[in-house]
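Peer 1:
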Amino acid sequence: MQIAKIIITCCLALTGLLAGTAHALTVAERLALAAGDNDQRIAALARVVAVGDPGASPFLKSLLDDNVKLVGNKIFVVDAGAAINAATGDHVELPADAEDVVNNNRMRSELGAAIAALDLRSPDAAVRLQAALALRQADAADSTFALVVQAEKTEQDKKIQTILAEIRAGIELHSTDVVLRLKAARELAASTSAEMRQLLVGRLEPGGEADPEVRSAIATSLRALDQRLVYFEVAGTVFTGLSLGSVLLLAALGLAITYGLMGVINMAHGEMMMLGAYATYLVQNLFRQFAPAWFDAYILVAIPVAFILTAIIGMLLERTIIRHLYGRPLETLLATWGISLILMQLVRTLFGAQNVEVENPGWMSGGIELASNLVLPYNRITIILFSLAVLLLVWTLLNKTRLGLFVRAVTQNRSMAGCVGVNTARIDAWAFGLGSGIAGLAGVALAQIGNVGPDLGKTYIVDSFMVVVLGGVGQLAGTVYAALGLGVLSKFLEGYAGAVLAKIIVLVIIIIFIQKRPQGIFALKGRSVD
């Protein structure tokens with residue numbers, strides 16, 4: 009008999025659950041949600057949330073978007089300019105005397121929390137994750153507690169389950185049960201959420217938690233959470249610094265080759281980066297117009313296009329202008345500066361003076377959220393990996409190929425290399441083309457993290473020279489250490505002194521370092537370095 013009762017109870021519970029799932033809002037329920045004062049509407053909203061019907065979400069979203077109108081006891085939902093009678097579902101002409109349903113901030117907050125709570129039952133994990141994040145941000149109310157607990161028990165995704173556990177503990181922290189509040193306070197010690205931190209801080213304020221033991225547990229959890237958030241903040245600064253360092257590495261890598269090989273202070277190097285960024289912009293537009301289905305792959309085409317374009321332009325500049333100015337650094341500097349101005353004006357003439365936008369491919373959008381204050385964007389991660397890949401290719405080229413052998417020979421002793429049959433003029437052209445091509449690749453990377461404009465190159469040219477000088481002229485390893493080190497140092501200093509003062513401090517540090525070690529981090533080795 010007992011077993012029969014259990015079976016009947018389970019069947020009734022299952023029937024009730026299925027009925028709740030199939031339940032649709034009645035006209036009376038819709039009217040209660042739309043009409044009356046806010047307290048009555050919030051009470052009706054709590055009843056809807058208690059049922060847990062995901063089918064109620066569309067109407068709640070219409071309320072939140074101010075698309076619900078009232079005429080007496082009749083409800084109309086405006087969708088794409090057309091009015092729908094909520095009772096019949098028919099498209100009708102919106103009455104002239106229809107009144108808007110007004111939602112104040114409190115009602116909007118309650119509606120948002122209710123929609124998020126109902127979305128926890130969505131079969132789509134992405135929808136459930138967004139719902140959980142929205143609930144945590146909105147400081148979930150008691151009306152959502154049952155849905156949160158149920159969702160936590162059935163959720164398979166560990167990340168969503170962790171967020172739901174935090175939300176549940178946050179609600180329990182306001183419970184009238186001291187034991188439950190104490191348990192929730194201790195549980196929140198493992199949180200990494202800034203929202204939960206605000207909740208704990210609020211409970212410690214006057215008029216918050218009254219029980220001494222619970223207050224002590226809250227204070228302990230708050231200290232643990234603060235310490236964890238500091239660790240994540242430091243990690244975020246390091247990541248941002250490495251990201252900046254990767255951009256500086258790409259910008260300085262080509263400069264390290266040309267400056268180290270020929271001693272040419274190429275002020276047009278930044279404009280090679282700009283041309284690489286505009287090449288990316290053009291390839292993007294071509295894909296958008298002629299191959300929209302393959303748009304996410306445009307970056308794979310932009311990389312070789314930018315490299316080849318800037319490499320050819322670099323070789324032409326070396327052959328026509330720069331080769332005639334070797335040994336005259338001041339004239340070379342002025343000539344390349346003039347070239348940079350010409351290239352900038354050419355780009356302004358062709359594309360306009362305004363910045364143009366380069367869109368990230370879909371697979372580079374978004375990021376990895378490790379904590380509320382630490383999100384690693386996919387585009388930044390991609391740039392770091394791209395920089396490492398370019399570095400590996402350049403190292404392989406310089407150390408494992410015949411061209412690389414000639415470049416290193418000319419860098420170390422130009423006259424001796426010429427004596428043994430190395431065509432130094434040709435090597436100069438190839439090296440200058442290689443350096444310009446790498447600058448074009450830097451432009452591809454820069455286009456993924458900001459707008460592209462004619463002045464793009466000027467932003468990085470000075471920093472690139474600082475990286476080359478600090479790392480050691482002609483030294484690949486020194487360029488890597490200097491770029492990544494300057495990137496991380498700059499970001500840490502920006503957090504304390506601001507962007508402008510941080511640049512000044514970095515410049516002073518480099519000047520002092522060069523005074524003590526003029527050859528940079530790594531000195532150039534060889535029989536002759538003049």
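All letters in the sequence shown, in the order written, are residues 9 to 538 by the working numbering. Glycine included, each C-beta is placed from N, C-alpha and C at the ideal position.
I need the DSSP call for Ala30, collapsed to helix, strand or coil.
Peer 2: For the purposes of this step, residue 30 is taken as residue 22 along the sequence shown, with counting starting at 1. In this predicted model, Ala30 has a pLDDT of only 37, less than 50, meaning its place in the structure is not dependable enough to derive any value.
Peer 1: Just curious, the beta strand (DSSP E) that Glu377 is in, first and last residue?
Peer 2: Within the sequence shown, the letter at position 369 stands for residue 377. Where Glu377 is concerned, the enclosing beta strand (DSSP E) stretches over Gly375 to Ala379.
Peer 1: To the nearest angstrom, how far is it from the Cα of Thr29 to the Cα of Gln158?
Peer 2: For the purposes of this step, residue 29 is taken as residue 21 along the sequence shown, with counting starting at 1. For the purposes of this step, residue 158 is taken as residue 150 along the sequence shown, with counting starting at 1. In this prediction, Thr29 has a pLDDT of 37, which is less than 50 and means its spatial position is unreliable; what the coordinates show is noted afterwards. Between Thr29 and Gln158, the C-alpha separation is close to 14 Å.
Peer 1: Could you tell me if Ile168 is buried or exposed, where buried requires 16 or more neighbouring beta carbons within 10 angstroms of its beta carbon?
Peer 2: The count along the sequence shown starts at 1 and reaches residue 168 at position 160. The residue is buried, with at least 16 neighbouring Cβ atoms inside 10 Å.
Peer 1: Do you know offhand how far Asn421's Cα is from Leu333's?
Peer 2: Locating residue 421 in the sequence shown gives position 413, counting from the first residue. Locating residue 333 in the sequence shown gives position 325, counting from the first residue. Each residue's Cα considered, the two are about 19 Å apart.
Peer 1: Would you kindly work out how many angstroms separate the C-alpha atoms of Leu172 and Ala243, rounded to a whole number?
Peer 2: Within the sequence shown, the letter at position 164 stands for residue 172. Within the sequence shown, the letter at position 235 stands for residue 243. Near 25 Å, if we compare the C-alpha coordinates of Ala243 and Leu172.
Peer 1: For Gly216, which residues in the same chain have their Cβ closer than 7 Å to its Cβ, ignoring the five residues on either side in sequence?
Peer 2: Stepping through the sequence shown from its first residue, residue 216 is reached at position 208. These residues qualify, in order along the chain: Gly210.
Peer 1: For Pro526, collect the residues of the same chain with a Cβ closer than 8 Å to its Cβ; drop the 5 residues on either side in sequence, then sort them by chain order.
Peer 2: For the purposes of this step, residue 526 is taken as residue 518 along the sequence shown, with counting starting at 1. For Pro526, where only same-chain residues beyond five positions count, there are no Cβ hits under 8 Å.
Peer 1: Going by C-alpha distance, which of Arg223, Glu180 and Val516 is nearest Ala192?
Peer 2: Along the sequence shown, read from residue 1 onward, the residue named residue 192 stands at position 184. For Ala192, the nearest C-alpha among the options comes from Glu180.
Peer 1: Quick check on the burial criterion: 16 or more other C-beta atoms within 10 angstroms. Buried or exposed for His8?
Peer 2: Past the boundaries of the shown model lies residue 8; the chain is included only from 9 to 538, so the question cannot be answered.
Peer 1: In this structure, how does DSSP classify Ile513 when only helix, strand and coil are distinguished?
Peer 2: Translated into positions along the sequence shown, residue 513 becomes position 505. Helix.
Peer 1: With a threshold of 6 Å on Cβ separation, who are the neighbours of Ala379 within its own chain once the five nearest residues in sequence on each side are excluded?
Peer 2: Position 371 of the sequence shown, counted from the first residue, corresponds to residue 379. If we look at Ala379 and ignore the five residues flanking it on each side, its Cβ neighbours are Thr200 and Phe240.
Peer 1: With H, G and I counted as helix, E and B as strand and the rest as coil, what does DSSP make of Ala154?
Peer 2: Here residue 154 is taken as the residue at index 146 of the sequence shown, counted from 1. Three-state result, Ala154: helix.
Peer 1: Taking buried to mean at least 16 other C-beta atoms within 10 Å of its own C-beta, is Asp45 buried or exposed?
Peer 2: Counting from 1 along the sequence shown, the entry for residue 45 is found at position 37. Classification of Asp45: exposed, given that the 10 Å Cβ count is below 16.
Peer 1: Quick one: any contact between the region 279 to 295 and the region 310 to 322, if contact means 3 or more CB pairs under 8 Å?
Peer 2: Contact holds: three or more Cβ-Cβ distances are below 8 Å.
Peer 1: Can you list, in chain order, the residues of its chain whose CB lies under 6 Å from that of Pro462, leaving out five sequence neighbours each side?
Peer 2: Position 454 of the sequence shown, counting from 1, holds the residue named residue 462. The residues are Met352, Val355 and Arg356.
Peer 1: Could you pull the start and end residues of the alpha helix (DSSP H) that Ala36 belongs to?
Peer 2: Counted from its first residue, the sequence shown places residue 36 at position 28. Residues Val35 to Ala42.
Peer 1: If distances are taken between C-alpha atoms only, which option among Ala154, Ala177 and Phe84 comes closest to Arg144?
Peer 2: The sequence position of residue 144 within the sequence shown is 136, counting from 1. It is Ala177.
Peer 1: Would Leu406 pass as a contact of Val415 if the rule is Cβ separation under 8 Å?
Peer 2: In the sequence shown, the residue the question calls residue 406 occupies position 398. In the sequence shown, the residue the question calls residue 415 occupies position 407. Yes; because the gap between Cβ atoms is below 8 Å, this pair is in contact.
Peer 1: Alpha carbon to alpha carbon, how far is Val475 from Ala260?
Peer 2: If you number the sequence shown from 1, residue 475 lands on position 467. If you number the sequence shown from 1, residue 260 lands on position 252. Approximately 7 Å between the Cα atoms of the pair.
Peer 1: Measure the C-alpha to C-alpha separation of Ala314 and Ala510 and round it to an integer number of angstroms.
Peer 2: Translated into the one-based positions of the sequence shown, residue 314 becomes position 306. Translated into the one-based positions of the sequence shown, residue 510 becomes position 502. Computed Cα separation, rounded: 32 Å.
Peer 1: Can you name the residues that DSSP bridges to Phe84?
Peer 2: Residue mapping note: residue 84 aligns to position 76 of the sequence shown, counting from 1. BP columns for Phe84 point to Lys77 and Asn93.
Peer 1: Report the residue from Ile83, Ala125 and Met115 whose alpha carbon sits nearest the alpha carbon of Asp105.
Peer 2: Here residue 105 corresponds to residue number 97 of the sequence shown, with the count starting at 1. With distances taken between Cα atoms, Asp105 lies closest to Ile83.
Peer 1: Count the other C-beta atoms from every protein chain shown that fall within 10 angstroms of the C-beta of Asn293, then say buried if there are 16 or more, exposed otherwise.
Peer 2: As a working note, residue 293 is residue 285 in the sequence shown. So Asn293 ends up on the exposed side.
Peer 1: Rounded to whole angstroms, how far is the Cβ of Gly249 from the Cβ of Val496, which I believe are closer than 8 Å?
Peer 2: Translated into positions along the sequence shown, residue 249 becomes position 241. Translated into positions along the sequence shown, residue 496 becomes position 488. About 3 Å separates the two Cβ atoms, so the contact holds.
Peer 1: Where do the ends of the alpha helix (DSSP H) carrying Leu181 lie?
Peer 2: Here residue 181 is taken as the residue at index 173 of the sequence shown, counted from 1. Per DSSP, Leu181 belongs to no alpha helix (DSSP H) and is neither H nor E.
Peer 1: Just verifying my parser: in three-state terms, what is the DSSP assignment at Leu20?
Peer 2: As a first step, residue 20 is located in the sequence shown; it is residue number 12 there, counting from the start. Note that Leu20 scores 34 on pLDDT, short of 50, meaning its location in the model is unreliable; the coordinates nonetheless yield the value given after this. Leu20: helix per DSSP, three-state reduction.
Peer 1: Under 8 Å, do Lys77 and Val109 count as touching if we go by C-beta distance?
Peer 2: Here residue 77 refers to the residue found at position 69 when the sequence shown is read from its first residue. Here residue 109 refers to the residue found at position 101 when the sequence shown is read from its first residue. In contact: Lys77 and Val109 (Cβ atoms closer than 8 Å).
Peer 1: Between Ala287 and Leu308, which are expected to be in contact by the criterion C-beta below 8 Å, what is the C-beta distance as a whole number of angstroms?
Peer 2: Here residue 287 is taken as the residue at index 279 of the sequence shown, counted from 1. Here residue 308 is taken as the residue at index 300 of the sequence shown, counted from 1. Contact doesn't hold; Cβ gap of about 13 Å is too wide.
Peer 1: Tell me which residue opens and which closes the beta strand (DSSP E) that Leu382 is part of.
Peer 2: Looking up residue 382 in the sequence shown gives position 374. Looking at the DSSP string, the run of the beta strand (DSSP E) that includes Leu382 is Leu382 to Pro385.
Peer 1: Give me, in chain order, the residues of the same chain whose beta-carbon lies closer than 7 Å to that of Ile546; leave out the 5 immediate sequence neighbours on both sides.
Peer 2: Outside the displayed span of the chain (9 to 538) sits residue 546, for which this structure offers no information.
Peer 1: If you reduce the DSSP assignment to three classes, tell me which class Gln523 lands in.
Peer 2: Your numbering for residue 523 matches position 515 in the sequence shown. Here Gln523 sits in helix by DSSP.
Peer 1: Return the chain-ordered list of same chain residues with a C-beta closer than 8 Å to the C-beta of Asn363, the five sequence neighbours on each side being excluded.
Peer 2: Walking along the sequence shown from the start, residue 363 turns up at place 355. Hits under 8 Å: Asn459, Val460 and Gly461.
Peer 1: Once the 5 residues before and after Thr409 are set aside, which same chain residues still bring their CB inside 8 Å of it?
Peer 2: Translated into positions along the sequence shown, residue 409 becomes position 401. Taken in chain order, the list of residues that qualify is empty.
Peer 1: With DSSP collapsed to three states, give me the class of Glu163.
Peer 2: Residue mapping note: residue 163 aligns to position 155 of the sequence shown, counting from 1. DSSP places Glu163 in coil when its eight states are reduced to three.
Peer 1: With Ile469 as the anchor, note down where its alpha helix (DSSP H) starts and where it stops.
Peer 2: Along the sequence shown, read from residue 1 onward, the residue named residue 469 stands at position 461. Here the alpha helix (DSSP H) through Ile469 covers Lys466 to Gly479.
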